[in-house]
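Participant:
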Amino acid sequence: MEKVTYHIPSISCHHCIHTIKTELEEQEGVVSVEGDLDSKRVVISYNPPATPELLIDILKEINYPPDL
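Position in the sequence shown (first residue = 1) + 170 = my numbering.
#1: Let me know the secondary structure DSSP gives LYS173 once reduced to three states.
#2: Under 7 Å Cβ to Cβ from THR189, same chain only, skipping five residues before and after it: list those, please.
#3: Between which two residues does the beta strand (DSSP E) carrying HIS196 extend?
#4: With respect to the beta strand (DSSP E) encompassing ILE164, which residues constitute its N-terminal and C-terminal limits?
#5: Am I right that ASN217 and GLY205 are in contact with their C-beta atoms under 8 Å? What's the rounded C-beta distance?
Given below as structure tokens:
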């Protein structure tokens with residue numbers, strides 16, 4: 171299992187984190203998504219076929235692009 175952490179500046183409330191979790195957890199291979207409102211960080215654990223590039227694409231699609 172792989173793990174990535176992204177800083178997402180547009181996180182402003184718990185609803186944002188819920189939306190991110192819901193959307194990412196629908197992706198095949200995503201094991202877990204944990205968000206922190208204070209640090210505006212999301213930690214994603216995943217296995218193939220999920221990839222960091224795919225996760226970033228999903229975040230961009232739902233208007234939560236990460237700072238890279």
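Note that beta-carbon positions come from the ideal geometry of N, C-alpha and C, so glycine has one too. Computed from a predicted structure; not experimentally measured.
Facilitator: According to the structure data:
#1: For LYS173, the three-state secondary structure derived from DSSP is strand.
#2: So the qualifying residues of the chain are ILE232.
#3: It should be pointed out that residue 196 corresponds to Glu in this sequence rather than to His. No beta strand (DSSP E) holds GLU196; DSSP gives it neither H nor E.
#4: Here the chain has residues from 171 to 238 only, and residue 164 is not among them.
#5: In this structure ASN217 does not touch GLY205 by the C-beta definition: roughly 20 Å separates them, more than the 8 Å allowed.
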